[in-house]
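S.K.:
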Amino acid sequence: MTLTLKHLTLMCNNKILLNDMNLSIKAGQTTILFGKSGSGKTLTTLAMQGLLPKNIKQVSGELLLNDTPINPQTSRAKVFASIMQNPRSCFNPLYSLHTHIKESANALKIHWDMKTIESMLHEVGLQKEVLKLYPFEMSGGMLQRAMIALALLTKAPFLIADEPTTDLDIIVQYRILKLLKHLQKTYGLGILLITHDLDVAKKMGDSFYCLTPCEGVLQ
Numbered sequence: 001m002t003l004t005l006k007h008l009t010l011m012c013n014n015k016i017l018l019n020d021m022n023l024s025i026k027a028g029q030t031t032i033l034f035g036k037s038g039s040g041k042t043l044t045t046l047a048m049q050g051l052l053p054k055n056i057k058q059v060s061g062e063l064l065l066n067d068t069p070i071n072p073q074t075s076r077a078k079v080f081a082s083i084m085q086n087p088r089s090c091f092n093p094l095y096s097l098h099t100h101i102k103e104s105a106n107a108l109k110i111h112w113d114m115k116t117i118e119s120m121l122h123e124v125g126l127q128k129e130v131l132k133l134y135p136f137e138m139s140g141g142m143l144q145r146a147m148i149a150l151a152l153l154t155k156a157p158f159l160i161a162d163e164p165t166t167d168l169d170i171i172v173q174y175r176i177l178k179l180l181k182h183l184q185k186t187y188g189l190g191i192l193l194i195t196h197d198l199d200v201a202k203k204m205g206d207s208f209y210c211l212t213p214c215e216g217v218l219q
């Protein structure tokens, strides 16, 4: 199974941000999208999910699953799930983890029950007791693991991981990356890993794309 982005061109105020960009993600492998800050890595993931800001115009580009065009917006939580950088910003501070997972699963129309949620938490190294915690009571590493658990709950075959170790200390970074590798082997996930860290790219990648501003991707 392969997820492919073809001929993506993005503009803002008549300025080209990405030009004729192409990349592929294969099941069971990690594709690295590498580039400096501001090169358009996050814009790429937003375009793939149909979540571009209103001021960004997609001039061209399509997303394909095994050469069949798919709608990015309706494919979220079905074809791909995502985990973002700075996980703390992704959690409502007024919700316990249990409420957040429940609300997110319902919004994404994901079937869930407590046994499944507890199983996914266990898979990422969290105990069921964390469900009653609020975001301010959890470390960045715990929140990132919780995001990964929610991604697993979707059962999507592909995972978009946008700088998943940003702002985590070196030991927690290592553990999160090791966890992603373990889950990839267990579930056969195809992972698109966005990073500006060359060491992370070398350790994790099976295929590599280097993003340069206004030019797109060099493989």
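Start counting the sequence shown at 1; every next residue gets the next number (the UniProt record's numbering).
Note that beta-carbon positions come from the ideal geometry of N, C-alpha and C, so glycine has one too.
1. For the region 40-119, which segments carrying the alpha helix (DSSP H) assignment without a break, of at least 4 residues, lie completely within its bounds, in sequence order?
2. State the DSSP-derived secondary structure class of residue 35, mapped to helix, strand or coil.
3. Looking only at its own chain, which residues have a Cβ that is under 7 Å from the Cβ of residue 163, when we skip the five neighbours before and after it?
4. Helix, strand or coil for residue 204 per DSSP?
5. Taking its Cβ as the centre, do 16 or more other Cβ atoms sit within 10 Å of residue 83, making it buried, or is it exposed?
6. CB-CB under 8 Å to residue 12, same chain, minus the five flanking residues each way: which ones, in chain order?
7. By Cβ distance below 8 Å, which residues in the same chain neighbour residue 161 in space, the five residues on each side in sequence not counted?
8. In this structure, does DSSP put residue 21 in helix, strand or coil?
9. Grab me the residues of residue 219's own chain with a C-beta within less than 6 Å of its C-beta, minus the 5 sequence neighbours each way, in chain order.
10. For residue 142, which of helix, strand or coil comes out of DSSP?
11. In terms of alpha-carbon separation, which member of 157, 158 and 176 lies closest to residue 166?
12. Figure out for me which residue from 34, 76 and 27 has the closest Cα to the Cα of residue 48.
13. Starting from residue 11, follow its DSSP beta bridges and name the residues at the other end.
14. Kindly indicate the opening and closing residues of the alpha helix (DSSP H) around residue 195.
15. Starting from residue 159, trace the beta strand (DSSP E) in both directions and tell me its first and last residue.
16. In angstroms with no decimal places, state the Cα-to-Cα distance between residue 149 and residue 127.
17. So, helix, strand or coil for residue 186, using DSSP?
M.R.: Short version:
1. Contiguous alpha helix (DSSP H) elements confined to the region 40-119 occur at 41-48, 72-75 and 97-107, taking only those with 4 or more residues.
2. Residue 35 falls in the coil class under three-state DSSP.
3. Within its own chain, the residues whose Cβ lies closer than 7 Å to the Cβ of residue 163, once the five positions on either side in sequence are excluded, are 85, 194 and 195, listed in chain order.
4. Helix, per DSSP.
5. Buried is the label assigned to residue 83, since at least 16 other Cβ atoms lie within 10 Å of its Cβ.
6. Sequence-distant Cβ neighbours of residue 12 in its own chain, meaning closer than 8 Å and more than five residues away, are 55, 56 and 57.
7. Around residue 161: 82, 83, 180, 191, 192, 193 and 194.
8. Residue 21: strand per DSSP, three-state reduction.
9. Note on residue 219: pLDDT 49, under 50, position unreliable in the model; no value is reported.
10. Collapsing the DSSP output to three states places residue 142 in a helix.
11. If we check each option's Cα against that of residue 166, 176 comes out closest.
12. Per the Cα distances, 76.
13. Paired residues: 16 and 57.
14. No alpha helix (DSSP H) contains residue 195, which is instead part of the beta strand (DSSP E) from 190-195.
15. Per DSSP, the continuous beta strand (DSSP E) segment holding residue 159 begins and ends at 158-162.
16. The straight-line gap from Cα to Cα measures roughly 12 Å.
17. DSSP places residue 186 in helix when its eight states are reduced to three.
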